[in-house]
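Protein chains: 2
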Amino acid sequence: MKKILFFFISLYAIAGWSQSKELNIMPWPQEIVLGNSNIEISPKFTVVVHQEITKRIDIATTKFIQRLSGRTGIFFENGFAFNANKIKNATLEIAYKRIGKLEINEDESYQLHVSPTKISIEATTDIGVIYALETLLQLVENNETAYFFPEVTIHDFPRFTWRGLMIDVARHFHPVDVLKRNLDVMASVKMNVFHWHLTDDQGFRIESKTHPKLHQLGSDGLYYTQEQIKEVVQYASDRGIRVVPEVDVPGHATAILTAYPEIGSKDTTYSIERFSGIFDPTLDPTNERTYEILGDLFGEMAALFPDQYFHIGGDENEGKHWDENLKIQEFKKKHAIDSNHNLQTFMNIRLEEILAKHGKLVMGWEEIMTDKMPTSALIHSWKGVNEGVEGGSSLFNAAKKGYKTVLSNGFYIDLMQPASDHYIVNPLPKNNNLTVEESARILGGEATMWSELTTSLTLDSRIWPRTAAIAERFWSSEEIIDVADMYKRLETVSFRLEELGITHIKNRDVILRNITNNQNIAALLDLTKICEPLKIYTRNSGGTEYKTFSPFTLFADACSADASEGIIFNKFVENYTATKNENSKKEIITYLKKWSNNYNQFLLLEKKSPILNEIAPLSKNVAEISTTLLSIINSKKIKAEDVNNGKELLLKLQKPVVDVELIILEDLNKLFIFIINEKGGKNSFKN
Amino acid sequence: MKKILFFFISLYAIAGWSQSKELNIMPWPQEIVLGNSNIEISPKFTVVVHQEITKRIDIATTKFIQRLSGRTGIFFENGFAFNANKIKNATLEIAYKRIGKLEINEDESYQLHVSPTKISIEATTDIGVIYALETLLQLVENNETAYFFPEVTIHDFPRFTWRGLMIDVARHFHPVDVLKRNLDVMASVKMNVFHWHLTDDQGFRIESKTHPKLHQLGSDGLYYTQEQIKEVVQYASDRGIRVVPEVDVPGHATAILTAYPEIGSKDTTYSIERFSGIFDPTLDPTNERTYEILGDLFGEMAALFPDQYFHIGGDENEGKHWDENLKIQEFKKKHAIDSNHNLQTFMNIRLEEILAKHGKLVMGWEEIMTDKMPTSALIHSWKGVNEGVEGGSSLFNAAKKGYKTVLSNGFYIDLMQPASDHYIVNPLPKNNNLTVEESARILGGEATMWSELTTSLTLDSRIWPRTAAIAERFWSSEEIIDVADMYKRLETVSFRLEELGITHIKNRDVILRNITNNQNIAALLDLTKICEPLKIYTRNSGGTEYKTFSPFTLFADACSADASEGIIFNKFVENYTATKNENSKKEIITYLKKWSNNYNQFLLLEKKSPILNEIAPLSKNVAEISTTLLSIINSKKIKAEDVNNGKELLLKLQKPVVDVELIILEDLNKLFIFIINEKGGKNSFKN
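Heads up: the protein sequence lines correspond to chains U and H, in order.
If you use my numbering, the first sequence corresponds to residues 12 to 698, in order.
If you use my numbering, the second sequence corresponds to residues 12 to 698, in order.
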């Protein structure tokens, strides 16, 4: 049990050990010692703050009481925290030293002590107080008659100072309230950087007062007003979260060029891109007007975004339009710029100078790291196997070259991989070849939520709960690596996200009700528990299957990564094929029986429709393979017909329909082979 | 079938008659003639607009295509409307004459014609276009292979020009996005006035730049910035909806007095009210400072709210603090003001003058209607039997006295009455004693959503779907009064609200998951289908059971009016007790069997808790009465034990637990008596 890091292992602490297995804290604290008593939560529960009740603490304590009340149904006498001079003998006492600054390496630590008579929180900053309250909420327990907090002492602090989530609002726009609820959850899992990907080929989402055509022509009317941006930045700040804005240049800039074609590298007109991928439109780095417009824009944005860092994108510029442009070719020759990469650096340095005037440091995707790029820039490491390089290799390179750096490779949550895939990515493994100084430049990581296939209906389900596991990777000790334990805790964390308005559970039903036209969704719901959207970049092959305005209300949109029964079924199949455990066999049979009935249930739907009919083959094949497997399991002598059917069906199921993969397929295959081999005879085969 | 109003009854029209029964349009159009063909919806579906694509039309058409795509899963080639000069042969052609004004008696009519080859919309204003598109969306049908619109001709226009929804954001604050989604739905059922109840004893929700203490001290930090107000007003305007703000004075003003006690009628300090009801704090109408502060505030608001009307509240001022204040008594004597009512009128006239300077007309709750009040004021009729007067009697009084007037009595949706109760309220029945001129002063009505017991988690479920039935009352002919037909259509309308983000269905599950601590919610879900929150003012007796920050995550909050199985069960019981219909009996038995198992299911929940245990008696009693009734039904000879048990349980169930009433109780009672009497013998009794 590596999660409990004792400094002094005492009998007292060991008493708490077994109990701690039941705790569903995430991210797991650096040090936790459980007692064996608890403190009951009564209507008289009160909170005092020993220093000024800052806006952060006001919001955090009020929301804490509200959430505690909402969960327990307790009618608290007091809905707000008191100043210490107003009340004696509070249940929860909060003390902190100063207001936290929103900058890297700020002190975010806290100490939480729950005794049988009192709870105390101590922190250096009010941001630490927020995190302590979140941990405390994760500790609520109950029996039949009462709710209580367990006796516990926690010393906690983050492993990395940069624990980010990027949301792409360009490919699909996400309104302010969607961002706000995600900021709430970020704070609840102790994440502290919201990277706001505000512009791309498919949209420019910032109201510009100096160059209003940017949002007027580049956004389809879907942009944030400057007041809304301030609102989001303030909301984040109130939760201890920094906001790093991104304006992606010189590529990924079709929306900018739709408004200002004159700063493009090709003499043409542009229109907002509706597909996904890497496109040719590129800003002209040799045109002074480019720097005028970006300079004005950056100036406006510098006033809106107080953070030290400003993300200029810089990724995936292939320079095709540069190569085609004689003027740009001449410019390169004249200035002895020998590659497009260096031309981009030329531009980046110009932008860096503009931003420096506004007191900002440049952050950019790893492509900005060239020899001439000043080491004040922060390198955002993103490339990996999908791009033909070693995963996150730029991270260590950057650190060695003197750049601060942040890792996103391995944290691309839009790719719909299981939480475990991300969980095992360690930005800074213990055994590395970096010096202490170099290691210190690895600030942390960022989960990236690209929105090509995601509208606000499904955004939450693409971010959560998996990003909570990533948050743990960024916050907790690298010793915390037990995947099974992570999944166990993630289940509770996931459910609790609903308290903060996250829609990942409830919107699945909404989508299925829509698909069924308000009929019984049970058959489809069962399928979503064993199906996942196509992974990596396979759902939208070539970026042309879906447009911005295509329907994202399909069966694949109701599915998500880590399909719940896929995980459970896998365990039983693993166990059964390894040990022939009879109980596992029983469980397997229960699932197969349920699935074998799926198509019958599906056929009960009275109102048929095209959208429903597309799902029919999936339901039918799942039912048939399950029926076939049951038949094989139940028959003493294997029927050749079953084996042939099974082979055929397993083959058929390999070809995805309705943009999902059947996540139990591998286990069905394994089971099929195992049972046939087990029952022996000439029908045994290798798949 | 009164819904179809033919001007020319042709064979063609009659062919469509039976088909129209399947239409789920709400509000029902003034004239509709169905054909017997249809037009298929293909990926090539295109929309053209023959005039300027106004912002209203841009939003409405884009959203129309998106919703159509979302429902059908069709990948449209074009996600936006075109100008007529850009494309030939569009599927849907839109023509209108001018931009609609947001004022009373504006032309909101439209004509919608669906032929087998083309759809056309014609309207005077772009607001009419919005409504036509909403009607068209309600017409979407499908078979197994295609989606289509039925051939139809609709001429439609509203019966009343004022079709309002009031939302109280003072008792509980509702953020901008909650309002926006409700504005979307308002437009979808052709409502056009959002009455924003912005201040009350429990909160002052407007950012004031002239008197910032108002929102700083009067709102717990929960208020709308002026930018957010502009945003909401613009959002409403884009959907053809007027916004009427309300600042409730001189009573219901504790929050104002918390900030500015110097304009109170009692020399004391005030603090934001946490309970519900009628409270004593009252502005001092004899203090010039009162008019300075309100004058400044109204000035700020006049700039934010373009609507002609400004609601000054004026309700439920009992003048207790006036009576206790010598200075005020002297003022009354000096100015020969003989009653508190007339003192309030004195104040209202002052306010009316202030608002007139800003070009605004006064609207106020019916108490403002006194002899001296100018007839330019709009009278908001709200009192009824709950207040000891005839329902809405002030409406006709106001009209006769020369005031324009709007009805809210009968439309108090916070009281959790069934939709039918509101549906049958007719603001202006045909047989009335009003002149044509007087009748014309009855502008329409407003559903009022008071928020004492409603947070944003449950707000939607308190407003919808019932308000769609009220919207029909305000829009459609008074001939449209078939309650059963309304309920039939309301079911589809209700389901479709999810498309606009309304949470009434999905948040019920969220609440139940919270109560069960993420266990199987089936047992509780079944109970929500037969339980409704306590009605009228019984849930929060005396206004002191709940505070602002009490938990509104309880079982009662998962329930809503018009519990679905309550309505169905009632039909079967009505039918069975009237006709002894065997099929109804079978259905009744099916329900009783399900309910008799509820407590067993409930007991299967492994994680018990106090919040869950409170619901146990309800589950137990429901199960027991169902079991008892089944026993009586199934036994040839009635057992005295069953009869006694039944009587006892039915009595027990009359006492509400967990703030809900068992909506099937009356039917269970009826069934009990009927069966016993049917089976005869000495056990027969009257309940």
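C-beta: ideal position from N, C-alpha, C; glycine also.
Query: What span of residues does the beta strand (DSSP E) with E242(U) cover, start to end?; Result: No beta strand (DSSP E) contains E242(U), which is instead part of the alpha helix (DSSP H) from 237–248.
Query: Given this structure, state the Cα-to-Cα distance separating Y587(U) from S431(U), to the nearest angstrom.; Result: 22 Å
Query: Who are P161(H)'s beta bridge partners in DSSP?; Result: N49(H)
Query: With S450(U) and Q41(U) assumed to form a contact (beta carbons below 8 Å), what rounded beta-carbon distance in angstroms separates them?; Result: At roughly 18 Å, the Cβ-Cβ gap does not stay under 8 Å, so S450(U) and Q41(U) are not in contact.
Query: Hey, out of H515(H), K331(H), L535(H), whose CA is closest to R524(H)'s CA?; Result: L535(H)
Query: In whole angstroms, give me the CA-to-CA distance for V293(U) and L190(U).; Result: According to the sequence provided, residue 293(U) is Thr. The question's Val does not apply to it. Roughly 29 Å between the two C-alpha positions.
Query: For V163(U) versus I43(U), is the C-beta distance shorter than 8 Å?; Result: yes
Query: DSSP three-state call for L436(U): helix, strand or coil?; Result: Looking at the sequence provided, one finds Val at residue 436(U) rather than Leu. It is coil, neither helix nor strand.
Query: In the segment 83–95 of chain H, which residues sit with their C-beta less than 9 Å from some C-beta in chain U, listed in chain order?; Result: T83, G84, I85, F86, F87, E88, N89, G90, F91
Query: Going by C-alpha distance, which of S620(H), L468(H), A634(H), F485(H) is nearest C570(H)?; Result: L468(H)
Query: Whose C-alpha, out of A480(U), V633(U), N359(U), is nearest the C-alpha of I541(U)?; Result: V633(U)
Query: Return no unless some Cβ of chain U is closer than 8 Å to the Cβ of Q245(H).; Result: no
Query: Can you give me, in chain order, the residues of the segment 521–535 of chain U that have a beta carbon less than 7 Å from any beta carbon in chain H?; Result: V521, R524, N525, N529
Query: Which first and last residues belong to the beta strand (DSSP E) in which G456(U) is found?; Result: 453–460
Query: Between the alpha carbons of A388(U) and K412(U), how many angstroms are there, rounded?; Result: 11 Å
Query: Ignoring anything shorter than 3 residues, give me the beta strand (DSSP E) runs that lie fully in the segment 466–546 of chain H, in order along the chain.; Result: 542–544
Query: Could you name the residues of the same chain whose beta carbon sits closer than 8 Å to that of K440(U), not counting the 5 residues immediately before and after it, in chain order?; Result: The sequence shown places Pro at residue 440(U), not Lys. Around P440(U): E489.
Query: Where do the ends of the beta strand (DSSP E) carrying Q122(H) lie?; Result: 121–125
Query: Roughly how far, in whole angstroms, is the beta-carbon of G229(U) from the beta-carbon of G214(U), given that I think they are within contact range, below 8 Å?; Result: 7 Å
Query: Spell out whether any CB of chain H is found under 8 Å from the CB atom of G81(U).; Result: yes
Query: Assuming the contact rule is C-beta atoms closer than 8 Å, L640(H) and F683(H) should be a hit. Round their C-beta distance to whole Å, please.; Result: 6 Å
Query: In angstroms, rounded to a whole number, what distance separates the CA positions of N351(U) and L454(U)?; Result: 29 Å
Query: Do you know offhand how far E509(H)'s Cα is from A247(H)'s?; Result: 19 Å
Query: For W393(U) and S405(U), what's the separation of their Cα atoms in angstroms?; Result: 8 Å
Query: Spatial neighbours of K681(U) within its chain, please: C-beta separation below 7 Å, excluding the five flanking residues on both sides.; Result: V584, T588
Query: Only counting the same chain, and skipping five residues up and downstream in sequence, which positions put a Cβ closer than 7 Å to that of I532(U)?; Result: D520, L523, R524
Query: From H61(H) to S219(U), what distance separates their C-alpha atoms?; Result: 31 Å
Query: Closest Cβ-Cβ distance between L679(H) and chain U: below 8 Å?; Result: no
Query: My output table needs one value for I43(U): the three-state DSSP class, helix, strand or coil.; Result: strand
Query: With 16 as the cutoff for other CB atoms within 10 Å, does D278(U) come out buried or exposed?; Result: exposed
Query: Mind checking which residues open and close the alpha helix (DSSP H) that includes W5(U)?; Result: Residue 5(U) is absent from the structure shown; chain U starts at 12 and stops at 698.
Query: Within the continuous beta strand (DSSP E) that includes V373(H), where are the two ends?; Result: 372–376
Query: Roughly how far, in whole angstroms, is the beta-carbon of I130(H) from the beta-carbon of R67(H), given that I think they are within contact range, below 8 Å?; Result: Actually they do not touch by this definition, with Cβ atoms about 19 Å apart.
Query: Which residues in chain B sit within 9 Å of T559(H), going by Cβ to Cβ distance?; Result: The chain inventory of the structure shown lacks chain B, comprising the protein chains U and H.
Query: Around the Cβ of I491(U), are there at least 16 other Cβ atoms within 10 angstroms (buried) or fewer (exposed)?; Result: buried
Query: Do you know offhand how far K690(H)'s Cα is from T549(H)'s?; Result: 37 Å
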